[in-house]
Amino acid sequence: MYEFKTIDGPVPVLALIDERLSTTTVCLASKYGSRDDPPGECGLAHVLEHVLMSAPVGAVPSFSEHVERLGGHANAETGLDRMLFYAQVHADDAGEITGLLHHAVLRPRWDQETLSREKPAVLQELSAAAADPSDVVQDAFLAHVFPDHPLGRPVGGLREDVERFDVGSLAEGHARRLLTAPLSLIVVGPSVPASADPVTAGIDPRTLTRLGTATRDPHALPALPAPEGARWPDTFAWVCVGARSVGNHDPRRPHFNVLAQLLGSSPSSVLYRRLRGEAGLAYAFQSWNRGYGETGAWRVLAGVEPGNGEAAIDVIRTALEEIAAEGPGPDDLAAARRQAQMRILTSVDTPLECARFLAMRSGGPAGWSPAAEVDALAGVNAGDLREAARHVLRGLRAVVRPEAR
Numbered sequence: 023m024y025e026f027k028t029i030d031g032p033v034p035v036l037a038l039i040d041e042r043l044s045t046t047t048v049c050l051a052s053k054y055g056s057r058d059d060p061p062g063e064c065g066l067a068h069v070l071e072h073v074l075m076s077a078p079v080g081a082v083p084s085f086s087e088h089v090e091r092l093g094g095h096a097n098a099e100t101g102l103d104r105m106l107f108y109a110q111v112h113a114d115d116a117g118e119i120t121g122l123l124h125h126a127v128l129r130p131r132w133d134q135e136t137l138s139r140e141k142p143a144v145l146q147e148l149s150a151a152a153a154d155p156s157d158v159v160q161d162a163f164l165a166h167v168f169p170d171h172p173l174g175r176p177v178g179g180l181r182e183d184v185e186r187f188d189v190g191s192l193a194e195g196h197a198r199r200l201l202t203a204p205l206s207l208i209v210v211g212p213s214v215p216a217s218a219d220p221v222t223a224g225i226d227p228r229t230l231t232r233l234g235t236a237t238r239d240p241h242a243l244p245a246l247p248a249p250e251g252a253r254w255p256d257t258f259a260w261v262c263v264g265a266r267s268v269g270n271h272d273p274r275r276p277h278f279n280v281l282a283q284l285l286g287s288s289p290s291s292v293l294y295r296r297l298r299g300e301a302g303l304a305y306a307f308q309s310w311n312r313g314y315g316e317t318g319a320w321r322v323l324a325g326v327e328p329g330n331g332e333a334a335i336d337v338i339r340t341a342l343e344e345i346a347a348e349g350p351g352p353d354d355l356a357a358a359r360r361q362a363q364m365r366i367l368t369s370v371d372t373p374l375e376c377a378r379f380l381a382m383r384s385g386g387p388a389g390w391s392p393a394a395e396v397d398a399l400a401g402v403n404a405g406d407l408r409e410a411a412r413h414v415l416r417g418l419r420a421v422v423r424p425e426a427r
């Protein structure tokens with residue numbers, strides 16, 4: 023049995039303590055994401071992510087390399103509204119690695135060599151994403167439902183902006199953006215290391231006074247553009263069908279999460295039966311809901327053969343319309359609700375996934391816990407799903423990639 027606890031401080035700690043674990047996972051979660059990149063610097067957060075994990079820190083060549091030499095695993099990721107820096111190591115190494123993580127993220131050592139090595143890696147990552155239509159269609163979908171808004175910009179950045187970054191622009195962006203955004207530390211392991219306190223880890227308290235002082239630039243959500251007819255290619259294509267949903271801490275978020283399971287890729291889902299079983303229109307598809315601060319996005323991503331695209335969209339729309347009108351059947355509701363709960367439970371049971379899950383929920387309402395979220399999902403009823411489906415239908419849009427030329 024685990025214990026979930028929170029510890030206040032300049033860097034609040036969310037800890038899931040399980041004395042049976044032999045590893046400790048630590049994750050610094052910043053509420054600075056790609057949406058906060060200044061105009062003309064799209065990709066700043068992404069490049070910072072690479073550099074901070076790869077630059078020299080303390081007496082070691084880089085945080086990532088040192089963790090891996092200890093037999094652990096280190097990685098980082100940038101999202102629309104946050105950045106995560108994490109490592110999973112033997113519990114005996116947790117104190118050293120937690121302190122080193124604080125220094126890597128909060129007190130980086132800027133050098134041209136690291137940037138010269140990591141910038142090409144970022145550009146190659148962008149090229150790989152641009153060559154994958156299943157990635158491209160998701161960026162295009164967000165750009166369509168959040169036009170002229172930071173949430174509609176590509177998370178990885180724009181090549182022309184990334185190419186301009188130098189050490190000075192990274193250092194300035196780090197000081198103005200990352201060091202002023204709210205930061206929290208997630209710990210999943212047998213205990214909380216003393217170095218979870220950044221002051222104990224050697225971070226200057228003056229640095230910590232700036233954390234959380236920034237406010238996100240207000241950007242009113244734009245009106246949705248008129249739906250566009252898809253220009254289907256004569257090859258296999260990916261279509262993203264969905265709409266805006268609600269923010270990450272909105273009490274209605276569990277409703278959209280269950281709706282995603284109800285129309286997910288499980289053989290027990292309504293959409294699986296219709297789209298794959300009965301119509302045979304799509305073999306590969308998935309659905310999910312993601313909250314982004316003040317709003318969110320609910321979507322279905324499906325790969326379709328030539329000639330099947332419009333029929334697949336019709337099946338998805340019809341399934342939503344039936345749920346909006348009648349709600350799901352009791353058995354389908356129970357299965358979708360249970361699947362949404364199991365996604366949390368399986369995340370909690372896997373230390374690294376647990377840390378990422380907690381990091382995505384950090385900064386939420388007081389009293390939140392994984393158990394509370396499971397309970398909230400248990401309370402989702404047919405009426406909640408009718409309203410969620412109506413919400414999605416009101417803003418439903420479809421984007422396809424590649425498009426016909």
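Take any residue in the sequence shown, note its place counting from 1, add 22, and you have its number in our numbering.
Don't be surprised by glycine CBs; every beta carbon is placed ideally from N, CA and C.
All of these numbers come straight from a predicted model, not from anything done at the bench.
- Minimum C-alpha distance to T100 - residue among Q110, Y108, E71: The shortest Cα separation from T100 among Q110, Y108, E71 belongs to E71.
- Query: Which residue comes first and which comes last in the beta strand (DSSP E) that contains V261?
  - Reply: V261: member of the beta strand (DSSP E) spanning 259–266, first to last residue.
- Message: Here's the rule: buried if 16 or more other CB atoms are within 10 angstroms of the residue's CB, otherwise exposed. What is K53?
- Response: Result: buried.
- Item | Straight-line gap, G302 to Q308 (C-alpha atoms, nearest Å) | If you draw a straight line from the Cα of G302 to the Cα of Q308, it is about 15 Å long.
- Keeping to the same chain, check which residues put their C-beta closer than 6 Å to that of L380; ignore five residues upstream and five downstream. Once the five neighbours on either side are set aside, the close Cβ partners of L380 are L36, I208.
- Using 10 angstroms around the beta-carbon of Y314, count the other beta-carbons present and answer buried if the total reaches 16, otherwise exposed. Y314 comes out buried.
- Query: What are the uninterrupted segments assigned as alpha helix (DSSP H) that are 4 or more residues long and contained completely in the segment 163–212, given in chain order?
  - Reply: Within the segment 163–212, complete alpha helix (DSSP H) segments of at least 4 residues are found at 181–186, 189–198, given in chain order.
- Taking P350 and V292 to be in contact with their CB atoms under 8 Å, please state how far apart those CB atoms are, rounded to whole angstroms. Their Cβ separation, rounded to whole angstroms, is 7 Å, which keeps P350 and V292 in contact under 8 Å.
- Query: Considering C64, what are the terminal residues of the alpha helix (DSSP H) in which it resides?
  - Reply: First-last for C64: undefined, no H or E at that position.
- Start and end of the beta strand (DSSP E) containing V322? For V322, the uninterrupted beta strand (DSSP E) segment begins and ends at 317–326.
- Pull up the CB-CB distance for H68 and G174, whole angstroms please, since I reckon it's below 8 Å. Rounded, the Cβ-Cβ distance is 16 Å, inconsistent with contact.
- Task: Examine the Cβ distances between the segment 143–163 and the segment 395–411 and report whether three or more of them are shorter than 8 Å.
- Result: When Cβ pairs closer than 8 Å are counted between the two stretches, the segment 143–163 is seen not to touch the segment 395–411, the count staying below three.
- Whole-angstrom Cβ separation of L433 and F85, contact assumed at under 8 Å? What the structure shows of the chain is the stretch from 23 to 427, and residue 433 is not part of that stretch, so it cannot be assessed.
- Provide the residue span of the beta strand (DSSP E) that contains A420, from first to last. 419–423 is the extent of the beta strand (DSSP E) around A420.
- Query: When the Cα atoms are used, what is the spatial distance from R321 to H241?
  - Reply: In this model, R321 and H241 are separated by some 22 Å (Cα to Cα).
- Message: For R266 and T317, which I take to be in contact (beta-carbon distance under 8 Å), what is that distance rounded to the nearest angstrom?
- Response: Sure, about 5 Å apart at Cβ, within 8 Å.
- Message: On the CB-based measure, 16 or more other CB atoms within 10 Å of its CB, does S138 come out buried or exposed?
- Response: Per the 10 Å Cβ criterion, exposed.
- Assigned secondary structure, Y294 (DSSP; H/G/I helix, E/B strand, else coil): Helix, per DSSP.
- Alpha carbon to alpha carbon, what distance is there between V48 and K27? Roughly 14 Å separates the two Cα atoms.
- Message: In whole angstroms, give me the CA-to-CA distance for D103 and V402.
- Response: Their backbone Cα atoms lie some 26 Å apart in a straight line.
- Query: Which runs of the alpha helix (DSSP H), 4 residues or longer, sit entirely within the segment 331–363?
  - Reply: Taking only runs of at least 4 residues, the alpha helix (DSSP H) segments lying wholly in the segment 331–363 are 331–348.
- Any heavy atom of the ligand GTP within a distance shorter than 7 Å of the CB on A347? Absent from the structure shown: the ligand GTP. Ligands present: none.
- Task: Compute the beta-carbon to beta-carbon distance between G329 and V261, rounded to the nearest angstrom, for a pair I have assumed lies under 8 Å.
- Result: Between V261 and G329 the Cβ distance is about 13 Å, and since that is not below 8 Å, they are no contact.
- Opening and closing residue of the beta strand (DSSP E) in which A98 lies: Annotation: the continuous beta strand (DSSP E) that includes A98 extends over 95–100.
- Task: Counting only the same chain and skipping the five closest in sequence on each side, list residues whose C-beta sits under 7 Å from that of V127.
- Result: Excluding sequence neighbours, V127 sits near L50, L74, F107.
- Message: For R365, list the residues DSSP reports as bridge partners.
- Response: DSSP output for R365 lists no bridge partner at all.
- Message: With the cut-off set at 8 Å, would you say A282 and N311 are in Cβ contact?
- Response: Yes, the Cβ-Cβ distance between A282 and N311 is below 8 Å.
- Query: Counting along the chain, where does the alpha helix (DSSP H) carrying R383 start and finish?
  - Reply: For R383, the uninterrupted alpha helix (DSSP H) segment begins and ends at 373–383.
- Query: By DSSP, does H413 sit in helix, in strand, or in coil?
  - Reply: In this structure, H413 counts as helix in the three-state DSSP scheme.
- In or out: R131 buried (at least 16 other Cβ within 10 Å) or exposed? Exposed is the call here.
- Message: On a Cα-Cα basis, can you pick out the residue from R181, R359, A347, D336 that is closest to G264?
- Response: For G264, the nearest C-alpha among the options comes from D336.
- With 16 as the cutoff for other CB atoms within 10 Å, does R423 come out buried or exposed? Flag for R423 reads buried.
- Item | Neighbourhood of L243 by C-beta, 8 Å cutoff - its chain only, sequence neighbours within 5 removed | If we look at L243 and ignore the five residues flanking it on each side, its Cβ neighbours are F168, H171, R266, E316, T317.
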